[in-house]
Amino acid sequence: MNNTELVAQINRLKKEKNAIIMAHYYTRPEVQDIADFVGDSLALAQVAAKTDADIILFAGVNFMAETAKVLSPQKKVLIPAPEASCSLADSCPAEEFEKFVKQYPDHIVVSYVNTSVGVKAVTDIVCTSSNAVKVINSIPADKPIIFGPDRNLGNYINTVTGRNMKVWDGCCHVHEKFSVERITELKKENPEAKVVAHPECKKSVLNLADFVGSTAAILDYVKKNESKEFIVATEVGILHKMQEECSEKRFIPAPPEDDKCGCNNCDYMKMVTLENIFETLKNETPEVILSDEIIEKAKLPIIRMLEIF
Ligand code: SF4
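In this text, residue positions in the sequence shown follow this note's numbering: the first is 369, and each later residue adds one.
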């Protein structure tokens, strides 16, 4: 089937099965175009909690589909690319994180949503890059905090809030690899361009940025800012939405340190295709299956986050 036929078949199946497709900003353009909702982790978690659909097909990496299942345990949650992992989530194995947490029993444990359900199960409050600063500021100043798994986001929050959180030493291979030298060159070549960066980037990259924020916050910034050019230091998939919403502006993807690594492109997110969405919806498999026990444990810190906002 060509893409037009696939899109028609996917739309037919969605209607027949009362299914919705949720897609992350970093997925392929054609996947974002077929989705009912495109967003960042927080928006997708909130939609998952509210939808009346019988089936949620999650176009993203597996921790996102797990999170949707935790919030909608009675629904069938399908994941077209179950092998789509996340280097950040993988940098924080649940057993190791639990040992780390046990070393500091008086600490509040805050975890970024990019974690497995096992990590969420030993977490007090989940956060996203959109709300991380607010979540930390909601915790009394005298309470010590453990933050995991992203060291760059954790250190950025420490700087912004003045806290001294104990930060797990994990990172995302995409955001870690943006090149300071090449962004500096791009700034010289495009002196009018504003640099926007995700807080998962290294501090040396954040120091070059005119704006630091979550993917959704960056999108909002480029829409409202009067500048016509932006150098974008986050996963390149977001440029599709930026160009769609701001056709008169120019977006320049920030380059990685090594072109061969293709590191401004998350290979995991690109594993979701129209073909595997069609097959998954047709066969209603692969499905995310989690035990009731892990759902209950992982749900609490997510609910606490949603209650803060
Ligand atoms: S961009 Fe990084 S944090 Fe996001 S899914 Fe890919 S590997 Fe994980």
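C-beta atoms are modelled at their ideal positions from N, C-alpha and C, and glycine is treated no differently.
- Unbroken beta strand (DSSP E) runs of no fewer than 3 residues, entirely contained in the region 497–554, are found at 513–516, following chain order.
- Proximity of the region 607–624 to the region 636–643 falls short of the contact definition, fewer than three beta-carbon pairs being nearer than 8 Å.
- Closest in alpha carbon position to Ser409, among Phe468, Phe426, Ile402, is Phe426.
- As DSSP reads the structure, Phe426 sits in a beta bridge with Met390.
- By the criterion of a C-beta distance shorter than 6 Å, Pro397 is surrounded in its chain by His608, once the five residues flanking it on both sides are discounted.
- Placement of the Cβ of Tyr636 at a distance of less than 7 Å from at least one heavy atom of the ligand SF4 is found.
- A contact between stretches requires three or more CB pairs, one per stretch, nearer than 8 Å, and the region 446–455 meets this requirement with the region 655–662.
- Taken from the Cβ of Leu456, at least one heavy atom of the ligand SF4 lies inside 7 Å.
- Not a single heavy atom of the ligand SF4 lies less than 7 Å from the C-beta of His608.
- In the pairwise beta carbon analysis, the region 378–398 is classified as touching the region 409–425: at least three pairs are separated by under 8 Å.
- Here DSSP, grouped into helix, strand and coil, assigns Gly407 to strand.
- Within a 10 Å sphere around the beta-carbon of Asn430 sit 16 or more other beta-carbons, which makes this residue buried.
- By the 16-neighbour rule on beta-carbons within 10 angstroms, Asn520 is buried.
- Annotation: Lys562 to Phe677 spans about 30 Å, alpha carbon to alpha carbon.
- In the three-state reduction of the DSSP assignment, Ser615 falls in the coil class, being assigned neither a helical nor a strand state.
- Between the C-alpha atoms of Asp401 and Met369 there is a straight-line separation of about 18 Å.
- Annotation for Asn379: Ile402 place their beta carbon closer than 8 Å to its own, counting only its chain and skipping 5 residues before and after.
- In the three-state scheme derived from DSSP, where H, G and I count as helix and E and B as strand, Lys444 is classed as strand.
- Nearest to Tyr394 by C-alpha distance, out of Val542, Lys443, Thr491, Arg672, is Val542.
- Beta-bridge partners of Tyr480 (DSSP): Cys495.
- At a Cβ-Cβ threshold of 8 Å, Pro669 and Lys534 do not count as neighbours.
- Nearest neighbour of Ala462 by Cα position, chosen from Cys454, Gly486, Gln471, Ser440, turns out to be Gly486.
- Judged by beta-carbon spacing, Asn632 lies beyond the 8 Å limit of Phe515, meaning their Cβ atoms are not closer than that value.
- The residue from Glu647, Val406, Glu434, Leu439 with its alpha-carbon nearest to that of Lys418 is Leu439.
- Closest by C-alpha distance to Pro441, out of Lys665, Leu674, Leu576, Met673, is Lys665.
- For Glu603, the CB falls within less than 7 Å of some heavy atom of the ligand SF4.
- For Asn371, the closest C-alpha among the options Asn532, Glu661, Glu652, Phe646 is that of Phe646.
- When secondary structure is reduced to three states using DSSP, Ala561 falls in the coil class, being assigned neither helix nor strand.
- Membership of Ile599 in the beta strand (DSSP E) is indicated by the continuous run 597–601.
- Following the DSSP letters along the chain, one finds Pro473 in no alpha helix (DSSP H), marked with neither H nor E.
- In this structure, Cys540 has its beta carbon less than 7 Å from a heavy atom of the ligand SF4.
- The Cβ neighbour count for Lys511, taken over all protein chains shown within 10 Å, is under 16; the residue is labelled exposed.
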